[in-house]
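Under mature numbering (1 follows the signal peptide of the UniProt record, and there is no 0), the letters of the sequence shown match residues -22 to -1, 1 to 397, in that order.
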Amino acid sequence: MQKVFLISCLNFLLLGIQSTQTAKIVGYPMFGGSQYIGMKRIAEELVSRGHEVTILVSQVQKIKPAKGITHVVYQVPYPQGFLENLMVARLIKEGPVKEMFSGSNTSMPMVQRIFCEALLNDTKLLEPLKNFDVIITDTSMFCGPLVAEYLGLKRIEYCPMSPRILSVFTPYESIFTLSYIPLHMSHNPGKMNFLQRIKNTIMYIAGRLLFDAFLTRHFDHLKQKYNIRPERSFRDSLMDTELTLFLADFAVEYSYPILPGFKLIGPLNIQPVKPLPPDLQQLIDSSGDDGFIIVSFGSNVASVLDKDKVDIMAEAFGRLKQKVVWRLQGRNVLTRVHCGCARYYPGYTAILPVITKVHCDSTSYYPGYNAIVPVITQGALQLKTSALAITWYKSYWIVLRSLKSSNIVLGFRYECTYF
């Protein structure tokens, strides 16, 4: 009897300990497919450990329900599909610099401000969240610090890129030393010469000035307007984090010191390998010794490319001896017989020999590294700045022809980190 009583007491204590270790967590990815997917996967892991997770999303976000995760939806003055049809299309057409200076309601600074105001105006939705324990926000979306301060919650950040991006808008210059740590997207090598260090410094100064001119002022204004700790600047609020989780890994990163509150969690976008659909399997099997190429511009770009650019690429791909699997939505393409278009890019992995180094962003190269496949990418936002139209595609074709191996995987993303 005494033994049964002791076991019952231990069970009660264990249940009590477990309950004290669970938390109510709110996630705020703001908008974007990659941002939402990353936040949702963090939420799924937290739910599996017994925590209660609620994700804040706008009505334009494509939601995938998941067991144990609650989605709270707020309204924004944009239609469904605005991200692909307005923002991304404009970015590709005009380029990021011109788009940033435009000041239109589809520019990134204005869209973030409008989304932020829409959420802060919905006090009925936000009030219950003040009883939560912590909020997880996305570093690339700058409303997170304001929402955290409004709710009075501790903030954890999820950064879907390298820690080297933070040197642009944080005061950690002593940590991210410009003389030996290449800035994110600087294209500088790990060992920089004098001119490359000058370039690194110029990029840092330009980044700080642009950040203050086009983003900080918007959110400083919102802090004053909504009386969210107006005595603090937005930059102070931005740096007030308990922990920052980076989608990065030193296996594919430069070596550099990081702060104790920075944790590199590796990729979140790798999924278990699935069998190919029959039509794609048939195309791959028919590729023979020449192999095949997978082309994907990412979920936000696949449906908004101009037809002339699509036709140019189709013509270039048609000249290759490899079979081509191309993710493309809503386009009739003039293709050669060995170029197949798929509406959805398959989340499947083919094991191919490694033939070259990777030039791409984390969303593309981590699956490649995980499966030991070669990945060559070019940022879609650089379609305008790299070489323009046909010249760019011809140069890319020449690169393909110069490779000795025929088994190549292409991944096109709208932001690239070069190593």
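In this text, a Cβ means the ideal position worked out from N, Cα and C, and glycines have one as well. The model shown is predicted, which means the values in this text are computed figures rather than measured ones.
Range covered by the alpha helix (DSSP H) that runs through residue i
i	result
residue 467	Nothing about residue 467 can be reported from this structure: the residues present for the chain run from -22 to 397 only.
Tyr128	122 to 129
Glu293	285 to 296
Thr101	101 to 104
Gln58	First-last for Gln58: undefined, no H or E at that position.
Ala21	11 to 26
Minimum Cβ-Cβ distance from residue i to chain B less than 8 angstroms
i	result
Lys40	In the structure shown, chain B cannot be found, because there is only a single protein chain.
Whether residue i touches residue j by CB criterion (8 angstroms)
i	j	result
Ile47	His29	no
Asp268	Gln300	yes
Val50	Leu131	no
Ala44	Glu22	yes
Met17	Ile33	yes
Ile236	Pro141	yes
Leu258	Val303	yes
Ile113	Ala96	no
Val31	Gly5	yes
Leu156	Asn178	yes
Ser36	Val25	no
Leu129	Leu98	no
Arg176	Tyr232	A small fix is needed here, since residue 176 is Ile in this sequence, not Arg. The answer is no: Cβ separation not under 8 angstroms.
Arg197	Phe212	What sits at residue 197 in the sequence shown is Phe, not Arg. Contact flag set, yes.
Met8	Phe93	yes
Leu161	Tyr182	yes
Met163	Leu225	no
Residues near residue i by beta carbon distance below 7 angstroms, same chain, minus five either side
i	result
Leu193	Pro87, Phe120
Pro208	Lys201, Gln202
Identity of the residues DSSP links to residue i by a beta bridge
i	result
His49	Ile33
Tyr136	Asp116, Leu223
Lys301	Phe270
Residue i: first and last residue of the uninterrupted beta strand (DSSP E) it sits in
i	result
Phe270	270 to 273
Tyr182	Tyr182 -> not in any beta strand (DSSP E); alpha helix (DSSP H) instead, spanning 172 to 189.
Met232	Looking at the sequence provided, one finds Tyr at residue 232 rather than Met. Unbroken run through Tyr232: none, as it is neither H nor E.
Met8	2 to 8
Ile242	In the sequence under discussion, the amino acid at residue 242 is Leu, which differs from the Ile named in the question. Per DSSP, Leu242 belongs to the beta strand (DSSP E) from 240 to 242.
Cβ shell of residue i (< 8 angstroms), same chain only, five flanking positions each side left out
i	result
Gly239	Thr219, Glu220, Leu221, Thr222
Glu135	Ile114, Thr115, Asp116, Thr117, Gly122, Thr219, Leu221, Thr222, Leu223
Leu261	Phe270, Lys301, Val303, Gly318
Residues of its chain near residue i, where Cβ-Cβ distance is below 6 angstroms and the 5 sequence neighbours each way are ignored
i	result
Val89	none
His316	Caution applies to His316, whose pLDDT of 42 falls short of 50 and renders its modelled position unreliable; the value that the coordinates give is listed next. These residues qualify, in order along the chain: Lys301.
Gly(-7)	In this prediction, Gly(-7) scores a pLDDT of 48, lower than 50, which makes its location untrustworthy; no coordinate-derived value is stated.
Asp111	Ala1, Lys2
Pro57	none
Arg91	His196
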